[in-house]
Amino acid sequence: MNQKPLTTSELTELTAGLHRLSRNLWWTWNQEPQEIFHDLSPRGWTNLYHNAVAILHEVSDYELRMRLQEPEFADRVRRVLKAFDAYLKSTDTWGAQNA
Numbered sequence: 887m888n889q890k891p892l893t894t895s896e897l898t899e900l901t902a903g904l905h906r907l908s909r910n911l912w913w914t915w916n917q918e919p920q921e922i923f924h925d926l927s928p929r930g931w932t933n934l935y936h937n938a939v940a941i942l943h944e945v946s947d948y949e950l951r952m953r954l955q956e957p958e959f960a961d962r963v964r965r966v967l968k969a970f971d972a973y974l975k976s977t978d979t980w981g982a983q984n985a
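Its first residue numbered 887, the sequence shown is counted upward by one per residue in my numbering.
Take a look at the structure:
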């Protein structure tokens, strides 16, 4: 399959999304984002005690951008970021109903 490379803008958007996601505990409640951070650095994932922020500090910008050029990986990241954004925009929350 001949996939067109991501543009600089698309890479920047996905990279920024991963950094934003890593600083919100939502990823700890969902398996797919955990798998993305694990797949970026399996050894780091273990050695850094499953710390998504630390993983993004350990992986070079070049390495992250190369991984995002892999169509399957980029699609997984897009899917997770879409779910994360939907969660953040949701008004149907426990707090809204019970606070």
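Think of the CB as a built atom: it goes at the ideal place given N, C-alpha and C, for glycine as much as any other residue.
Around the C-beta of S927, 16 or more other C-beta atoms lie within 10 Å, and the residue is accordingly described as buried.
DSSP, read as helix, strand or coil, puts Q983 in helix. In the three-state reduction of the DSSP assignment, N933 falls in the helix class, which pools H, G and I.
Approximately 6 Å separates the beta-carbon atoms of L954 and L897; this is inside 8 Å, confirming the contact.
Around the C-beta of P957, fewer than 16 other C-beta atoms lie within 10 Å, and the residue is accordingly described as exposed.
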